[in-house]
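This report refers to the structure that appears directly beneath it.
In full-length UniProt numbering, the protein residues as written are 1 to 471.
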């Protein structure tokens, strides 16, 4: 230890704790005197103008956070020991601090313990400035902390070999840390991705202090391939780290989901385009024939036919919107369920069927899209349950349901009913898929109830408008 006559430690912390913490540290620490800075900017001025032995900083400051101060401090004094303490204890803060070049990180309770901070300060000086303490300390408590990170963290030398890896590698990849240390993992990278990884580490002197990102596949100890997303921070010139710090996360499931989603969207857009093209042609013929018939004679049927053609064209546009944008709702407003139900029922050709609308509630919805949703449900019930079907609409605590008294849906087909193209008859297979898309666009959940007879669709997460209830 030294007598405290060396360069001071700069304590950076917000008021009102600053002076009290400084006095306590002055009693506990033997490695240096303590000077204070209430703001990050003041600490940076001291680093620029004075000899500073170390920086001890809180993570939350008035003008910047501790990570920002650390970044600026590393530009001014790349070798100065920097100890960061936080009441947060967030492992992401730990990871970010390590990538920027912190010497020690200290999680604290509601009030920082001066004795603990002094102890960590001594550790930091022992690691980075052995000339001040006369001894070289252990790897440090910071590395003990990152061992519990849920991300795989590696420190690479300039040639790419691994100097350190935390134990999470065994959970993610199946390797013991000892199998990676002093090794270059390039042989475990998928051959198609090796060039990307080599480029990631290429020319390290050209990106000192910067970060890079790469996604690649690595082989596990069991021989499977996992997709990793890695962010590298080049700290080769920082004596506290002297390496490229790489945080890696397993994104295999995310990448698989993304690829499947892209394939599904491509199929969906092709399907919608074909269907819309095939529907528009006969609609144009119908419209032309109606115009010709109207020129020959007047009939009230002509207006109804044109209304139906207009609605069909609107539906086609909505299907394309669903396929390409995933959102078809407009402004939401207070919408009466029974009004929308009767409007939807008017477009269903089922003279022998019965609609029982047992609600006078209003919900927050796009009325036009709600009519379309209900019309698809009603038409689906008539198509599959028969012309004499009885359909009921009623409310739930946080939504509504539509059910029928038909034969129901076989259990092995219930997971498929909302898929585009699924049909058990001569329909297009779009009806229930559109129902799901409209519901999700509103932020609702739609589920098919588990029941032995009949079919019941439940919509939850719906905003009910109490002032509109008449019950």
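Glycine included, every Cβ here is placed at the ideal spot set by N, Cα and C. Being a predicted model, the structure only gives us computed values, none of them experimental.
Check: In angstroms, rounded to a whole number, what distance separates the CA positions of residue 307 and residue 247?; Outcome: 60 angstroms
Check: Evaluate the contact criterion for the segment 172-183 versus the segment 60-70: three or more CB pairs, one atom per stretch, below 8 angstroms.; Outcome: no
Check: When the Cα atoms are used, what is the spatial distance from residue 27 to residue 111?; Outcome: 17 angstroms
Check: Just the C-alpha distance for residue 139 and residue 166, rounded to the nearest angstrom, thanks.; Outcome: Note that residue 139 scores a pLDDT of 44, beneath 50, so its modelled location is shaky; the value from the coordinates is reported in the next line. Approximately 13 angstroms, taken between the alpha carbons.
Check: Count the other CB atoms, across all protein chains shown, that sit within 10 Å of the CB of residue 380; report buried if there are 16 or more and exposed otherwise.; Outcome: buried
Check: Could you have a look at residue 164 and say whether DSSP puts it in helix, strand or coil?; Outcome: strand
Check: Please say whether residue 180 and residue 197 have beta carbons closer to each other than 9 angstroms?; Outcome: no
Check: Are residue 73 and residue 47 close, meaning C-beta to C-beta below 9 angstroms?; Outcome: yes
Check: Kindly indicate if chain C contains any beta-carbon less than 9 angstroms away from that of residue 271.; Outcome: Of the protein chains in this structure there is only one, and it is not chain C.
Check: Please go through the same chain and pick out, in chain order, the residues whose beta-carbon is closer than 8 angstroms to the beta-carbon of residue 398, but skip the five residues on each side of it.; Outcome: 460, 461, 462 and 464
Check: With respect to the beta strand (DSSP E) encompassing residue 10, which residues constitute its N-terminal and C-terminal limits?; Outcome: 9-12
Check: Taking the Cβ atom as the reference point for each residue, do residue 155 and residue 53 lie within a distance shorter than 9 angstroms?; Outcome: no
Check: Quick one: grab the DSSP three-state call for residue 257.; Outcome: helix
Check: What separation, rounded to the nearest whole angstrom, lies between the Cα atoms of residue 34 and residue 237?; Outcome: 27 angstroms
Check: Residue 401: which of 77, 378 and 79 sits nearest, CA to CA?; Outcome: 378
Check: Nearest CA to the CA of residue 368: which residue from 389, 339, 117 and 392?; Outcome: 339
Check: Do residue 414 and residue 453 have their beta-carbon atoms positioned less than 9 angstroms apart in this structure?; Outcome: no
Check: Report all residues from its chain with a CB closer than 7 angstroms to the CB of residue 169; omit the five preceding and five following residues, and keep chain order.; Outcome: 152, 175, 177 and 180
Check: Indicate whether residue 37 and residue 12 have their beta-carbon atoms separated by less than 9 angstroms.; Outcome: yes
Check: Apply the 10 Å Cβ neighbour rule to residue 348 and answer buried if 16 or more other Cβ atoms are within range, or exposed otherwise.; Outcome: buried
Check: Give me, in chain order, the residues of the same chain whose beta-carbon lies closer than 6 angstroms to that of residue 346; leave out the 5 immediate sequence neighbours on both sides.; Outcome: none
Check: Please say whether residue 25 and residue 117 have beta carbons closer to each other than 9 angstroms?; Outcome: yes
Check: Contact defined as beta carbons within less than 8 angstroms: I believe residue 302 pairs with residue 290. What is the distance between those atoms, to the nearest angstrom?; Outcome: 5 angstroms
Check: Identify, in the order they occur along the chain, each residue of the same chain with its Cβ nearer than 7 angstroms to the Cβ of residue 39, setting aside the five sequence neighbours on each side.; Outcome: 61, 62 and 63
Check: Using DSSP's beta-bridge definition, name the partner residues of residue 247.; Outcome: 153 and 231
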